[in-house]
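Novice: Residue numbering for the sequence shown follows my numbering, beginning at 217 and increasing consecutively.
We put the beta carbon where it would ideally sit given N, CA and C, even for glycine.
This is the structure I want to talk about, given as structure tokens.
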Amino acid sequence: MTNRKYTVVTGASSGIGYETAKAFAERDKNLILIARRENKLNQLKKEIFSLNSNVNVLIFPTDLSIRENVNQLFNDLEPYELETWINNAGFGMYGDLENNNIEKVEKIVQLNVETLTLLSTLFVKKYRHVAGTQLINMSSAGGYTIVPNAVVYCATKFYVSAFTEGLAQELIQSKSEMRAKVLAPAATKTEFGQVANNLDTYDYDQSFGMYHTSQQMAQFLLSLYDSDLSVGHVNRETFTFELSDTLLPYAGQSKRNQKQVLDSTGDNE
Numbered sequence: 217m218t219n220r221k222y223t224v225v226t227g228a229s230s231g232i233g234y235e236t237a238k239a240f241a242e243r244d245k246n247l248i249l250i251a252r253r254e255n256k257l258n259q260l261k262k263e264i265f266s267l268n269s270n271v272n273v274l275i276f277p278t279d280l281s282i283r284e285n286v287n288q289l290f291n292d293l294e295p296y297e298l299e300t301w302i303n304n305a306g307f308g309m310y311g312d313l314e315n316n317n318i319e320k321v322e323k324i325v326q327l328n329v330e331t332l333t334l335l336s337t338l339f340v341k342k343y344r345h346v347a348g349t350q351l352i353n354m355s356s357a358g359g360y361t362i363v364p365n366a367v368v369y370c371a372t373k374f375y376v377s378a379f380t381e382g383l384a385q386e387l388i389q390s391k392s393e394m395r396a397k398v399l400a401p402a403a404t405k406t407e408f409g410q411v412a413n414n415l416d417t418y419d420y421d422q423s424f425g426m427y428h429t430s431q432q433m434a435q436f437l438l439s440l441y442d443s444d445l446s447v448g449h450v451n452r453e454t455f456t457f458e459l460s461d462t463l464l465p466y467a468g469q470s471k472r473n474q475k476q477v478l479d480s481t482g483d484n485e
């Protein structure tokens, strides 16, 4: 293992992931960048070196919507010491459920839910007792509010919100060193609009009264990273960025919870 620590950013080829990588580079963080488009990753790498030539940047062109690539990616990262993992890869989808393309439905569930869960689990298993480590998962305002004509997308992001908020509490309760956090943007000017609507171009000014830029969301992510709180979200009504401990109900001390049974090693059965 090298003596360098790395921040991993998935979905780094555009939008929030692209700007987040640059923002961490400005903080002298070494980076591992993951996305499908190798040319975009190389472009980002050049931009980062123009900002800060002292950081080390590694690129891993990978299609994370393919199940077999996920475990392989984590295995490929074994030689590197990781400090922060940012699960930003994902996409949106608008349209009535009956009109959604079934292949796109399968892909959005794979990428937004299964890939994120597996990468989070692998990272937690290896680094939960390492001081200073953080897992940040990208949800959405649509992960706390159901948006018309986007029920599949919102469902995947509700999962991300619940999974990450629950994991955050689990890590705290178990006195782990790692912290898990969830970021929930509202409308943000990225390639999201084009992909979600199957369009070649997309006019955010025409479609939204208010939106943030990718650069603004990257700064919000840094605010969450610096915070002791677990949730950073954009209020859909005021478009202000807010930090909180949790947004979802958590039955941590409920008498209705299942009683945990320990085996002879002290592990939960």
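#1: Counting pairs of beta carbons, one from the segment 305-318 and one from the segment 352-371, are three or more of them closer than 8 Å?
#2: Helix, strand or coil for N270? Go by DSSP, reduced to three states.
#3: Classify L313: buried if its beta carbon has 16 or more other beta carbons within 10 angstroms, exposed otherwise.
#4: With I362 as the anchor, note down where its alpha helix (DSSP H) starts and where it stops.
#5: What ranges does the beta strand (DSSP E) occupy inside the segment 242-310, keeping only unbroken runs of at least 3 residues that lie completely in it?
#6: Answer yes if the segment 428-441 comes into contact with the segment 382-394, meaning at least three C-beta pairs across the two stretches below 8 Å, and no otherwise.
#7: Short of 6 Å in beta carbon distance, which residues of its chain neighbour R253, apart from the five on each side in sequence? Order them along the chain.
#8: Please tell me whether T429 and K391 are closer than 9 Å, where the distance is taken between their beta carbons.
#9: In this structure, how does DSSP classify L317 when only helix, strand and coil are distinguished?
#10: Can you tell me whether DSSP reads L445 as helix, strand or coil?
#11: Pairs of beta-carbons, one from the segment 255-264 and one from the segment 325-337, closer than 8 Å: are there three or more?
#12: From the DSSP output, in three-state form, read off S460 for me.
#13: Within a Cβ cutoff of 7 Å, which residues of the same chain sit near E242, ignoring the five residues on either side of it in sequence?
#14: Taking the alpha carbon of E458 as the reference point, which residue from R283, V363, K238 and V398 has its own alpha carbon closest?
#15: Just how far apart, CA to CA, sit E330 and I232?
#16: So what does DSSP say about N414, is it helix, strand or coil?
#17: Is it buried or exposed for G425, if we count other Cβ within 10 angstroms and need 16 for buried?
#18: Measure the C-alpha to C-alpha separation of N317 and N285 and round it to an integer number of angstroms.
#19: Does the beta-carbon distance from G448 to A400 come in below 9 Å?
#20: Could you pull the start and end residues of the alpha helix (DSSP H) that T333 belongs to?
Specialist: In this structure, then:
#1: A contact exists between the segment 305-318 and the segment 352-371.
#2: Residue mapping note: residue 270 aligns to position 54 of the sequence shown, counting from 1. Correct three-state label for N270: coil.
#3: Taking the first residue of the sequence shown as 1, we reach residue 313 at position 97. Counting Cβ neighbours within 10 Å, L313 comes out exposed, since fewer than 16 surround it.
#4: In the sequence shown, residue 362 corresponds to position 146, counting from 1. No alpha helix (DSSP H) holds I362; DSSP gives it neither H nor E.
#5: If we require 3 residues or more, the beta strand (DSSP E) runs fully inside the segment 242-310 come out as 246-251, 273-277 and 297-303.
#6: Per the Cβ contact rule, the segment 382-394 is not in contact with the segment 428-441 (fewer than 3 Cβ pairs under 8 Å).
#7: Numbered from 1 along the sequence shown, position 37 holds the residue referred to as residue 253. S229.
#8: Here residue 429 is taken as the residue at index 213 of the sequence shown, counted from 1. Here residue 391 is taken as the residue at index 175 of the sequence shown, counted from 1. No.
#9: Indexing the sequence shown from 1 puts residue 317 at position 101. Sequence inspection shows Asn at residue 317; the Leu mentioned does not correspond to that position. Here N317 sits in coil by DSSP.
#10: Sequence index remark: in the sequence shown, residue 445 carries index 229 (1-based). Three-state result, L445: coil.
#11: No, the segment 255-264 does not touch the segment 325-337.
#12: To locate residue 460, count along the sequence shown from 1; it is residue 244. Under the three-state reduction of DSSP output, S460 falls in the strand class.
#13: Your numbering for residue 242 matches position 26 in the sequence shown. Hits under 7 Å: L267 and N268.
#14: Residue mapping note: residue 458 aligns to position 242 of the sequence shown, counting from 1. Here the closest residue by C-alpha is V398.
#15: Within the sequence shown, residue 330 is the residue found at index 114, counting from 1. Within the sequence shown, residue 232 is the residue found at index 16, counting from 1. E330 and I232: Cα-Cα distance of roughly 21 Å.
#16: Taking the first residue of the sequence shown as position 1, residue 414 is located at position 198. Three-state DSSP puts N414 in coil, outside helix and strand.
#17: By one-based count along the sequence shown, residue 425 stands at place 209. By the 10 Å Cβ count, G425 comes out exposed.
#18: Counting from 1 along the sequence shown, the entry for residue 317 is found at position 101. Counting from 1 along the sequence shown, the entry for residue 285 is found at position 69. Straight-line measurement puts the Cα of N285 at about 23 Å from the Cα of N317.
#19: On the sequence shown, position 232 is the one that residue 448 refers to. On the sequence shown, position 184 is the one that residue 400 refers to. Note that the C-beta distance between G448 and A400 is below 9 Å.
#20: In the sequence shown, residue 333 corresponds to position 117, counting from 1. Residues L332 to Y343.
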